[in-house]
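As structure tokens, the structure follows; a few thoughts come after it.
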Amino acid sequence: MRVCVKIASFLLALNLYCQPLRAQDPSCCQHAVQRPTCKEACDQLATIKSESHLKHLLQRLPSYCSESMNELWMCINSTLPGVSKKSDGWVGLGCCELAISSECRRECKQASSKNDITKVCKKVTENSLYSCITKNEMGSSCCSFAGRHTTCRDYCEAIFRTDSTPTESQIKAVKEYCQSHSHKVVDCVNNFTMSYPPRSPIDSLYCCDRAEAAKCQIACRKILRTMSTEHEIMDGLIRECGSQPLPQDPMWQCFLGSANPPSPPEEVPPLPTKIDGAKLHCCSKANTSLCRDMCQKISTHWGSQTWQDFDQLCEYNPVEAELINCLSDVREPCQLGCKELSYCSNFNNRPTELFRSCNVQSDQGAMNDIKLWSNGTIKMPFMNIPVLDIRKCLPDMWKAVACALQIKPCHSKSRGSAICKSDCVYILTQCGDRKRFHEGQTPERICELLSPIDDPERCIPLQRYLLPSSLGNAIIEEVIHPCNPNPCPSNHLCQVNRKGCLDKLNCLPYLCVPGCKLGEASEFLVQQDSRIQVPAHAAPPGCYEVCGCGASGRLENCVEMPCVDTSKPCIVEGQRRNHGTSFRTDCHTCSCFAGETVCSSRRCSASHYAEEDHQHFTGPPCNCPDHFIPVCAQNGRTYPSGCVARCMGFKDNQFVFGQCRLSNPCTNKTCPRNQRCIPKHRVCLSNSSDCPQYECVGRPAACDRNRLEPVCDAEGLTHLSLCHLQQAGKTLAYTGQCQEACRKPQRVCGHNGETYSTVCEAFSDRVAVDYEGSCRTVGSLTDTGPELACSSVSCPKIPTPGCHPITPPGACCPICASMLQILWSHKQMNTFSKLNKNRPVTTRSVLQILRLHVSVPQCDVFGYLSIDHQLVVLIVPVDHQPTPLQIEACSKEAEKIDALINYASPTLVSHVPLSAFLSSDIRTAFIRSAGAPLAPPLAPGLVLLLALLITAIPGLPQL
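In our numbering, the protein residues as written are 1 to 959.
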């Protein structure tokens, strides 16, 4: 009888099954005393503490112990708890929405057990699905011991029905309500929660040295460094080492033996301690030494303290809001859109709102929170809040609270997820059980601690989620979110597909790109080949390393940066400004960076004007006249006059008259033999090295088929990549597939003051178009509208009626888009250039990285270096007639990036060179109410060009 197979398919491979088995060990394993291999495998069951390892051994036990050993199998079957207590229904049903492929999702919903889905749903690509099912199985088995005690069962299920780490209060609730009914529930939950936080695979590297074959040792190290889940690691070791996990094998004995491995032998080099670089970025934001030390300790070591301890002591500490918000960005970054929730259905159909945790697990978690609260007490880490029967007292508001706390809407001004204070006070005033309040406890005092903010831009107003969204399914298709939920494997990043589709039959609106974890224990991924800044371990605050994300899936080739003195303040107008703070002086935007005050270079209004006029600026910097006699400086930027170029620090011998892009940089340039000179116009943000506007290239022998990005040559032919174009000996016209509308030259003026031959060429340079024709004037530098110099420019009407537009600095025509004006550190840009073999940092490279942070295909990123040396970034709707919903989505994307810059979130500033960003000012376009006068006209090029760049990707607007 194959009792073992039934056990393996039903039981949870968790330590909870080992505890009772140890007590019965002699009565079971003694039945195998005549068969040593079977006896060793049986004995091994009592020592394994790893969920995945035990599961593998259970599944393979028939290989060691014959099916004819009925006494052994009956004994094991009766010893393991929960065998006769099957769960109600298919425990994986709530997980099916996590499946990446539609076939797997459909099969999952129709299945009656996990065995029914294994042929369609592959573990390699469906990690989230199988993790969810495994956790549900754990909960089903654990909570079955509660029997008819519904309160105990509800508290038990709350541990397993959410994707977040169980909190201390949840664990205590199980002990309090279940101890008297069933100690098995408590033991079971304790065994599960003891596994948090999970150990890193790299902790077991020393086990690889025990493999007999050198090939297996090498494969073992690679697997532990590149794979994250135990399922992947076990399968990989079996496949690469060609052996089953036999207990007598030294390597497997090491892996399977204990959750607490011995210290590595002396000859094995010490393991790296920088294990979570993303969270380590946040630790310097702590205001108390206790939370800072705990954050650093947990981010660099596995020890007795856990994130549960940290959350209990620091999460509700009001002075640690910046630290908690930073950690929230790392754990659950804000993402646009929420859909397909069944319980928290009022959160669906909100494509222009930001949420941290819109998923099936959070939906179930909210439902279980309501069950727990219905017992009359809300248990917090540091207090219990007695409440009346919430099923009768404001049930809709309580549901909105539970859903908001699980799904976590986030806002740009405060990325926390607390409900607004007025809502908190109202709901506790109405439904708090005053008779059971502790002495001195009032709704106001409770809410002052839990929800101290009442600004609807900085907290969650419950009124918004008491009713369903006003948007229907048809409308929300105007804005899609191809990467939410994430369709990619765990070691890949999801990116919006903006490259177009060379294969129309297999074209998706997203790309899965290989990535690296930001440290061995981090779940935060960065793109392969990117350069990343991580805090240096055991060094003072402000000391960092710059590492590359290699093909191995790990950060490598790290180089130390000069430390930044974060303790050094700036003294501005007699006031002390700390490192990292931003402020304004007159019309200038300023930031303090390591004692250096960095400000914008504007011409402010006269100081004797009224106070409100001090915030305005007029004309080019240094009181230069607004003449347009362009010069090309050595940084590749065209300035409207020599006066402005001198004001920005260039000497007369460092610029020449004329626009940069209208000159041929290959004139009088000689390249080595078998290479040719090709123009490569760029604007450099670093000045510690040269900024060449050309490069010498040879004809490449082979091109990487995995790095395809279409380009168009000067003859109107599309090539698979720049490499393929160079192989063909052609001249690059612009990046992207060739567009029919750009076959004939039609000059346009970009926001950067450069004249381009076609709209496509401008967009290839990540520059949006101001007006048709050659550049001929200095545009507006103020918020008051076009200057007189722009009177000769003809701007067409904005295609979206009612749009209130913005006018970028130096432009003539307003545009229906959102704009960031970013202040950055020249010193840091130069440092990054030096660390990268003196390669210059360019505006285009910065914009390309920022582009990855925009998750809506209906929006794209353009920008330029302004004449006063701020980086201007535009988030632009790409449809030729953008809808109000698309304009709002682009505004939200801009607000998200603005917040990440101003709060120095590691999700953005860990990327080099974005970590040189100091502060950001934002202006967003919006739609006026019906009947309001139309906004000023939009640049003609945008109407044409944004339509051109939309390729035939499923889910994107088609023209």
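No residue lacks a Cβ here, since even glycine has one placed at the ideal position from N, Cα and C.
Could you check whether residue j and residue i sit closer than 8 Å to each other, using their CB atoms as the reference points?
i, j, result
"residue 875", "residue 817", "yes"
"residue 476", "residue 349", "yes"
"residue 858", "residue 873", "no"
"residue 211", "residue 241", "yes"
"residue 847", "residue 861", "yes"
"residue 753", "residue 810", "yes"
"residue 869", "residue 601", "yes"
"residue 656", "residue 697", "no"
"residue 159", "residue 92", "no"
"residue 646", "residue 865", "no"
Can you tell me where the alpha helix (DSSP H) with residue i in it begins and where it stops?
i, result
"residue 155", "150-160"
"residue 408", "Element bounds for residue 408: n/a, residue is neither H nor E."
"residue 465", "It is not in any alpha helix (DSSP H) - residue 465 carries neither H nor E in the DSSP assignment."
"residue 367", "360-373"
"residue 830", "826-835"
"residue 448", "443-450"
"residue 893", "884-902"
"residue 311", "307-314"
"residue 220", "214-226"
"residue 906", "906-909"
"residue 377", "Segment 377-379 is the beta strand (DSSP E) holding residue 377; no alpha helix (DSSP H) there."
Looking only at its chain, what residues have a beta carbon closer than 8 Å to the beta carbon of residue i, apart from the 5 residues adjacent to it on each side?
i, result
"residue 447", "421, 424, 425, 428"
Tell me where the beta strand (DSSP E) around residue i begins and ends.
i, result
"residue 875", "871-877"
"residue 713", "711-713"
"residue 179", "Unbroken run through residue 179: none, as it is neither H nor E."
"residue 596", "596-599"
"residue 750", "748-750"
"residue 31", "Taken as a continuous stretch (DSSP letters only), residue 31 belongs to no beta strand (DSSP E), as it is neither H nor E."
"residue 522", "Premise fails: residue 522 is in no beta strand (DSSP E) and is neither H nor E."
"residue 656", "655-657"
"residue 675", "675-679"
"residue 881", "Here residue 881 belongs to no beta strand (DSSP E), and DSSP marks it neither H nor E."
"residue 864", "859-865"
"residue 920", "917-923"
"residue 295", "It is not in any beta strand (DSSP E) - residue 295 instead sits in the alpha helix (DSSP H) that spans 289-300."
"residue 582", "582-585"
"residue 555", "555-560"
"residue 592", "588-593"
Starting from residue i, follow its DSSP beta bridges and name the residues at the other end.
i, result
"residue 492", "514"
"residue 731", "For residue 731, which the question treats as bridged, DSSP gives no partner whatsoever."
"residue 438", "Partner(s): none; residue 438 has no beta bridge."
"residue 66", "Paired residues: none, contrary to the question."
"residue 638", "632"
"residue 811", "780"
"residue 544", "535"
"residue 842", "684"
"residue 694", "679"
"residue 849", "For residue 849, which the question treats as bridged, DSSP gives no partner whatsoever."
"residue 419", "460"
"residue 355", "335, 409"
By Cβ distance below 6 Å, which residues in the same chain neighbour residue i in space, the five residues on each side in sequence not counted?
i, result
"residue 130", "123"
"residue 712", "718, 733, 734, 738"
"residue 198", "Below a pLDDT of 50, predicted positions are generally treated as unreliable, and residue 198, at 48, falls in that range; the measurement from the model is reported next regardless. Within the same chain, residue 198 has no close Cβ partners at all."
"residue 112", "90"
"residue 332", "356, 357"
"residue 830", "686, 688"
Using C-beta distances below 7 Å, list every residue in its chain close to residue i, excluding the 5 sequence neighbours before and after it, in chain order.
i, result
"residue 541", "284, 566"
"residue 330", "278, 279, 282, 524, 906, 907"
"residue 894", "818, 820, 875, 922, 924"
"residue 840", "684, 686, 689, 691, 833"
"residue 482", "496, 509, 510, 857, 955"
"residue 724", "703"
Taking 8 Å as the CB-CB cut-off, is residue i touching chain C?
i, result
"residue 177", "The structure shown contains no chain C; it holds only a single protein chain."
Inside the segment 762-786 only - beta strand (DSSP E) runs reaching at least 3 residues
Those beta strand (DSSP E) runs which fall completely within the segment 762-786 and span 3+ residues are 769-772.
Give the list of continuous beta strand (DSSP E) stretches no shorter than 3 residues that lie fully inside the segment 96-144.
Taking only runs of at least 3 residues, no beta strand (DSSP E) segment lies wholly in the segment 96-144.
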